[in-house]
Amino acid sequence: MRPPPASSIVKLEPTPVSIPSPSSSFAPGLGSQPSSGGLATLHPPAPYDAFLPPPSAGPSALPQVTAALISYLPAEPVRTRYLKAFRETMLLHPSFNVPHFEQRIMAVYTWAETGETSSTAAAAYGSKPMTKADLARDIFFSSAKPGSSSRANGATAPSSGSNTPKPTLSFFSAACAAFALGALVARDDGPGGDPSAPSPPSPSGPGDASGTPAMLFALSEQSLQLFEKTAAYDIDSVIAMILQVLYMLYEGQMSVAQGVFPLVGKMVNVARMMGLAMDPDEFLGTYNLFEAETRRRIWWEVFYFDLFAADCMGQPPLIADNTHTTRLPADVDEDKFTPSCVAVPEPDEFGSAPSDASSVYFSLKCR
């Protein structure tokens with residue numbers, strides 16, 4: 001007997017999951033207020049021309065740091081405020097020597113203003129970064145010892161006819177990430193909002209988003225991407241990634257799965273490729289004391305973030321305990337530790353109060 005039509009069973013197809021419209025909260029580097037930057041910050045903050053040297057450098061000149069590019073960084077008095085917030089934030093993350101890092105930032109400003117430079121404006125953790133052609137020669141025509149090839153002999157990419165050291169895109173990316181982190185902390189701590197830097201003179205500049213944490217973070221990403229396409233990784237590039245991870249964690253808008261977890265995996269592979277998993281003392285005569293301690297700090301910071309991200313994601317860490325020989329970094333007095341040191345300046349243990357210049361917290365965190 002056929003059931004009446006009213007009681008017939010109709011199979012309903014599952015309702016398709018609706019895809020949310022693009023929102024500013026999904027884009028990396030966008031703060032908690034979508035109106036401050038919006039989707040405009042997804043565009044490159046600096047035009048490609050800002051990375052190109054003068055026409056006299058020739059048509060084959062690679063992207064590099066220029067005076068026009070420096071104009072995208074904060075000017076005074078905002079610069080001092082951001083650096084102060086950055087310095088205070090890095091007390092909990094002393095993965096590199098912050099006073100020396102700030103000196104190099106100021107040298108970049110001097111270089112842009114006067115056309116001259118100092119040693120801190122160049123790559124201060126060894127020689128200049130290799131081009132990919134130099135890297136190929138290093139791999140196929142020399143030993144596997146780090147720094148034993150043309151890199152150690154100072155061979156670099158052809159410059160614009162001058163041997164004067166220039167700031168690298170990797171360090172510029174790290175400086176942008178440092179300013180972005182400082183701007184983010186200063187905005188959250190300041191009572192009266194976030195004073196932004198003047199807009200760059202370029203007509204295609206970020207406009208209203210200029211000087212905001214989102215723009216500075218995007219500029220760091222843009223610079224690092226160009227560096228990765230034109231040169232081999234160096235210490236400054238890993239520092240830039242570390243600061244980008246810290247920015248995303250402090251910002252709180254991006255989930256660990258979306259932004260931090262992939263970037264930490266990249267940091268691990270780059271650090272291994274650079275030989276940071278091997279203690280610098282295994283290569284006698286290759287690194288000075290400052291470079292060796294910097295490599296140890298960078299490796300253990302990458303190791304820490306690998307454990308942190310893996311724990312958050314419920315995944316095993318990428319770095320196993322028996323796959324590296326890098327020793328724990330020494331506890332040093334940050335203000336006295338410079339590239340010219342031949343002995344580790346230990347912090348004053350008999351001071352009246354704990355010193356912010358000590359890196360003992362970093363050593364305890366690594367343990």
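When the count follows UniProt numbering, it moves up by one through the sequence shown with no breaks and lands on 367 for the last residue.
Note that CB positions come from ideal geometry on N, CA and C, so glycine has one too.
The beta carbon of Gly-115 sits closer than 7 Å to none of the beta carbons in its chain outside the five residues before and after it. Under the DSSP assignment, Gly-265 falls in the alpha helix (DSSP H) whose first and last residues are 261-273.
For Asp-333, the secondary structure class from DSSP, reduced to helix, strand or coil, is strand.
When Cβ pairs closer than 8 Å are counted between the two stretches, the segment 261-270 is seen to touch the segment 230-244, the count reaching three or more. Rounded to whole angstroms, the separation of the alpha carbons of Tyr-287 and Ser-71 is 34 Å. The beta carbons of Cys-176 and Leu-226 sit no closer together than 8 Å. Per DSSP, the continuous alpha helix (DSSP H) segment holding Phe-101 begins and ends at 98-114. In its chain, beyond the 5 residues on either side, Pro-213, Leu-216, Phe-217, Ser-220, Tyr-247 have a beta carbon closer than 7 Å to the beta carbon of Ala-180.
Straight through space, the alpha carbons of Tyr-233 and Ser-173 are spaced by roughly 13 Å. Ranking Ser-340, Arg-327, Tyr-82 by CA distance to the CA of Leu-276 puts Arg-327 first.
Judged by pairs of C-beta atoms under 8 Å, the segment 332-345 does not touch the segment 302-313, as fewer than three such pairs exist. Of the candidates Gly-314, Thr-66, Val-344, Thr-294, Thr-294 places its Cα closest to the Cα of Val-98. Straight through space, the alpha carbons of Tyr-250 and Met-313 are spaced by roughly 18 Å. For Gln-315, the three-state secondary structure derived from DSSP is coil.
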